[in-house]
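So the mapping is simple: this note's numbering equals the position in the sequence shown, first residue as 1, plus 3. Cβ coordinates follow ideal geometry from the N, Cα and C atoms, glycine included. This report concerns only the one structure given below.
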Amino acid sequence: MISYLSRIHINFFLIRTSILNRRLSTIDINDEDYSLSTIMTDNVQVKEGKANIHLPEGAVFYNPAQVFNRDLSVACLRLVSKYHHENECKKIKKNDPNATCIPFDQLSAGVRQENGLKIAEALSATGLRSIRYAREIPGIDTIYANDIDAGAVESIKQNIDSNDVKHLVQASHDDAMNLLYSHRKVDGQFHVVDLDPYGTPAQFLDGAVQCIKKNGVLCITATDMASLCGNNPHSCYSKYGSIPLHQPFCHEFALRMILYTLHMQAARYDRIIEPLLCMSIDFYVRLFVRIGYGSAKAQSQLGEIATVYNCVYCSSFFFQPYGQASLDERGNAKFKYAHGPPVGTNCSHCASNLRVGGPIWLGPLFDHSFVNELITSIEQAPEDSYAYRDRMLSMLYVVKEELPDPLYFDNGKLARVMHTHIPQNKLIKSALLNAGYRVSTSHARQDSIKTNAPHHIVWDIMRAFAEQSSTKRATTERLNTDSSYYHLLTKPSTIQVDFTEHPDWESEARKNKLIRFMGNPHARWGPLGKAVTKKKRSNDDNDSIPNKKQTKSDEDSSTEENL
Ligand SMILES: C[S@@+](CC[C@H](N)C(=O)[O-])C[C@H]1O[C@@H](n2cnc3c(N)ncnc32)[C@H](O)[C@@H]1O
Ligand SMILES: [Zn+2]
């Protein structure tokens, strides 16, 4: 049923050892009935990318749903390694113009490169990710595969041996905090720090920004989407210092809250954040962020931070930046107070109440030259390099066309607000283009509409759509004149809406019939809990899939539609 999964070269060999017999069976990840609990509790051999890892019974964490994450990370770090190698070559040639430097594409993965990338995988579990980096990325000097759990470290050591990467990967048994804080001195710092924890990475960010070299790259996974998407605002605030908004744009909002937190952590050490690629994927977010140095630049990033006012009825959003910051001609930070508020006490479109969310990062989520090079590098790699090659390319093509304007509307929500049927993407996007604005989809949501048009234009278009829509349209005479819907319907339009199909409404990715959004390939696809033994699991089976059941307080605060 899921054709792209047939590309996955993961073979699970279930080895059950008992005193009397040994039995080998294969688990097929394509099979709807394969059991994640078996993967997590039995002796299993997993082949992923160029790594073969052994999972001892129930002791160590492995989640097959994160293959995409690891594929994407290998692809991104390959590019980071290329940039690093080219910089090193420049330095060598500066010192000695006659010196020769081997081009990056002639380096071999699996061979140690003196002065190559130093990577810390702070929460490594089986060592799989580090081993993949070692075997698939050329130009590596050293990788620390660290875990706090003694069983995990045993497994890391065993997997390092069996994958023949002793010369590249070093097992480390420590709290990630200790590892990061003990590498703050310049000569001990890393070019890449990878944080892939259970749930939130928040507590590791302070250490990570300090132990990263100038222009090094921080890779972050967060799977605590329930709190990031607004089910638990107080828990999100305690981790990220930011209040989430439970709206269709919540996945992009999650990325922007994490970037705000990272900016705060970095700025206090005079470091700046430069997002290379920040994506919402399945049930988690993954961010690749370059960390630059410089106090004035760090201060000027204040201009990218804003609080968000969000209408409880029509979901319009209004940004209140914290200041205007820039660099003067001598490179010093200049500050001007921002003016506000950006909206009155009620929504300027429908007169409803406004909620306060954020702060968030308003700056870019992607570096488009990095994304373009990444696409080229994946396309040029041998076809079998990545299990998720096609899906990565499809998502990256959407990212490539995504507008930088923060947040988005969603067709379904627009329709619910206006009591109409769901408008075709083609119609709304054409109307926006015909009015002279830009449009795109967000990679984070299929039915999203990103635009640089002011929101009143969006509502002008939706009013015109409601006028011509026969379904559920209430006549204004029957409406309560105090209602938000009445306000929205009766506002005079500022433009003559033109729904004629515009040639640019369709993205290049859609025109090329790339599958841009995919459903979950497995019913239990999602973040997994800690590895547990079979005995413990049988007592406590459902707990391995967090976020399935909401807590009482989650339900209480989840006031809107299921996102
Ligand atoms: C989600 S798993 C990591 C998965 C792995 N990165 C991968 O790609 O397969 C999280 C790991 O973090 C480890 N861990 C949890 N807290 C830690 C800490 N404070 N320091 C180091 N490791 C920690 C756990 O033992 C677990 O193995
Ligand atoms: Zn409103």
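Nearest to Leu-120 (by Cα), restricted to the options Ile-143, Gly-334, Thr-503, Ala-137: Looking up residue 120 in the sequence shown gives position 117. Taking each of Ile-143, Gly-334, Thr-503, Ala-137 in turn and checking the Cα distance to Leu-120, the smallest one comes out for Ile-143.
Glu-405 - DSSP class collapsed to helix/strand/coil: Sequence index remark: in the sequence shown, residue 405 carries index 402 (1-based). In the structure shown, Glu-405 sits in coil (DSSP, three-state: anything other than H, G, I, E or B).
Cβ-Cβ distance between Ala-148 and Ser-175 below 9 Å: The residue you call residue 148 lines up with position 145 of the sequence shown. The residue you call residue 175 lines up with position 172 of the sequence shown. Cβ atoms of Ala-148 and Ser-175: closer than 9 Å.
Where Arg-187 falls: helix, strand or coil (DSSP): Taking the sequence shown and counting its residues from 1, the one referred to as residue 187 is at position 184. Note: Arg-187 maps to coil in three-state DSSP.
Span of the beta strand (DSSP E) around Leu-280: As a working note, residue 280 is residue 277 in the sequence shown. Leu-280 -> beta strand (DSSP E) spans 274 to 284.
8 Å CB neighbourhood of His-371 in its chain, flanking five on each side removed: Along the sequence shown, one-based indexing puts residue 371 at 368. If we look at His-371 and ignore the five residues flanking it on each side, its Cβ neighbours are Lys-403.
Counted within 10 angstroms of its Cβ, other Cβ atoms place Gly-210 as buried (16 or more) or exposed: The residue given as residue 210 occupies position 207 in the sequence shown. By the 10 Å Cβ count, Gly-210 comes out buried.
Thr-479 classed as buried or exposed, judged by whether at least 16 other C-beta atoms fall within 10 angstroms: Here residue 479 is taken as the residue at index 476 of the sequence shown, counted from 1. Flag for Thr-479 reads exposed.
Local Cβ density within 10 Å of Cys-104, reported as buried at 16 or more and exposed below that: Numbered from its first residue, the sequence shown carries residue 104 at position 101. When all chains shown are included, Cys-104 counts as exposed.
Buried versus exposed, by CB contacts within 10 Å (16 or more), Lys-242: Taking the sequence shown and counting its residues from 1, one reaches residue 242 at position 239. When all chains shown are included, Lys-242 counts as buried.
Leu-368 beta carbon less than 9 Å from that of Arg-259: In the sequence shown, the residue the question calls residue 259 occupies position 256. In the sequence shown, the residue the question calls residue 368 occupies position 365. Against a cut-off of 9 Å, the Cβ pair of Leu-368 and Arg-259 comes out as a contact.
Inter-residue spacing [alpha-carbon to alpha-carbon] between Ile-163 and Val-114: On the sequence shown, position 160 is the one that residue 163 refers to. On the sequence shown, position 111 is the one that residue 114 refers to. Distance between the alpha carbons of Ile-163 and Val-114 is about 14 Å.
Between the CA atoms of Thr-497 and Leu-110 - distance to the nearest angstrom: The count along the sequence shown starts at 1 and reaches residue 110 at position 107. The count along the sequence shown starts at 1 and reaches residue 497 at position 494. Between Leu-110 and Thr-497, the C-alpha separation is close to 60 Å.
Any non-hydrogen atom of ligand 2 closer than 8 Å to Ser-487 Cβ: Taking the sequence shown and counting its residues from 1, one reaches residue 487 at position 484. Ser-487 Cβ: within cutoff of ligand 2.
Classification of Val-359 by the beta-carbon crowding that lies within 10 angstroms, buried from 16 upward: Looking up residue 359 in the sequence shown gives position 356. Exposed, because fewer than 16 other Cβ atoms sit within 10 Å of the Cβ of Val-359.
The stretch 285 to 294 / the stretch 223 to 234 touching (three or more Cβ pairs under 8 Å): Yes, they touch.
DSSP three-state assignment for Asp-34, whether helix, strand or coil: On the sequence shown, residue 34 is found 31 positions in, with the first residue counted as 1. With a pLDDT of 39 at Asp-34, under the threshold of 50, the predicted position of this residue should be treated as unreliable, though the coordinate-derived value follows. Coil, per DSSP.
Beta strand (DSSP E) runs contained entirely in the stretch 100 to 176, provided each spans 3 or more residues: For the stretch 100 to 176, whole beta strand (DSSP E) runs of length 3 or above, ordered along the chain, are 115 to 124, 143 to 150, 172 to 176.
Extent of the continuous beta strand (DSSP E) run through Gly-219: For the purposes of this step, residue 219 is taken as residue 216 along the sequence shown, with counting starting at 1. For Gly-219, the enclosing beta strand (DSSP E) starts and ends at 215 to 225.
Contact belief for Glu-255 with Ala-447 at Cβ below 8 Å, rounded distance in angstroms: Working through the sequence shown from its first residue, we reach residue 255 at position 252. Working through the sequence shown from its first residue, we reach residue 447 at position 444. Sure, about 5 Å apart at Cβ, within 8 Å.
Candidates Ser-351, Ala-309, Gln-304, Val-461, of which the one nearest Leu-330 by Cα: As a working note, residue 330 is residue 327 in the sequence shown. Considering only alpha carbons, the answer is Gln-304.
Distance between Leu-280 and Val-374 (C-alpha atoms, nearest Å): Working through the sequence shown from its first residue, we reach residue 374 at position 371. Working through the sequence shown from its first residue, we reach residue 280 at position 277. Each residue's Cα considered, the two are about 7 Å apart.
Helix, strand or coil at Arg-289 [DSSP, three-state]: Taking the sequence shown and counting its residues from 1, one reaches residue 289 at position 286. Note: Arg-289 maps to strand in three-state DSSP.
Opposing strand residues paired with Ala-336 [DSSP bridges]: Position 333 of the sequence shown, counting from 1, holds the residue named residue 336. Partner(s): Leu-330.
Residues of its chain near Ala-469, where Cβ-Cβ distance is below 8 Å and the 5 sequence neighbours each way are ignored: Locating residue 469 in the sequence shown gives position 466, where the first residue counts as 1. Answer for Ala-469: Met-421, His-422, Thr-423, Arg-476, Leu-492, listed in chain order.
Between the CA atoms of Ala-128 and Leu-208 - distance to the nearest angstrom: Locating residue 208 in the sequence shown gives position 205, where the first residue counts as 1. Locating residue 128 in the sequence shown gives position 125, where the first residue counts as 1. Cα-Cα distance, rounded: 19 Å.
Alpha carbon of Thr-503 to alpha carbon of Lys-429, nearest angstrom: Taking the sequence shown and counting its residues from 1, the one referred to as residue 503 is at position 500. Taking the sequence shown and counting its residues from 1, the one referred to as residue 429 is at position 426. If I take the Cα positions, the gap works out to 9 Å.
Contact under 9 Å by Cβ, Pro-278 with Gly-366: Mapped onto the sequence shown, residue 278 falls at position 275. Mapped onto the sequence shown, residue 366 falls at position 363. Pro-278 places its beta carbon less than 9 Å from that of Gly-366.
Cutoff 7 Å; reference His-490; Cβ partners in own chain excluding five residues on either side: Position 487 of the sequence shown, counted from the first residue, corresponds to residue 490. Around His-490: Cys-353, Ala-354.
Arg-333 burial status per 10 Å Cβ neighbour count (16 or more: buried): Looking up residue 333 in the sequence shown gives position 330. A residue is called buried when at least 16 other Cβ atoms come within 10 angstroms of its Cβ; Arg-333 does not meet this threshold and is exposed.
Start-end ranges of the beta strand (DSSP E) lying completely within the stretch 440 to 482, minimum 3 residues: Fully contained in the stretch 440 to 482 are the following beta strand (DSSP E) runs of length 3 or more, in chain order: 442 to 445, 448 to 454.
Residue environment, Arg-271, which counts as buried when at least 16 other CB atoms sit within 10 Å: Your numbering for residue 271 matches position 268 in the sequence shown. Around the Cβ of Arg-271, a 10 Å sphere holds fewer than 16 other Cβ atoms; the residue is exposed.
Validate contact between the stretch 375 to 388 and the stretch 437 to 453 using beta carbons, cut 8 Å, 3 pairs: By the Cβ test, the stretch 375 to 388 is not in contact with the stretch 437 to 453, since fewer than three Cβ pairs between them sit closer than 8 Å.
Glu-35 classed as buried or exposed, judged by whether at least 16 other C-beta atoms fall within 10 angstroms: In the sequence shown, counting from the first residue as 1, residue 35 sits at position 32. Note on Glu-35: pLDDT 39, under 50, position unreliable in the model; the coordinate value appears next. Answer is exposed; the Cβ neighbour count stays below 16.
Contact between the stretch 176 to 192 and the stretch 69 to 79 (3+ Cβ pairs under 8 Å): With the cut-off at 8 Å, the stretch 176 to 192 and the stretch 69 to 79 do not touch.
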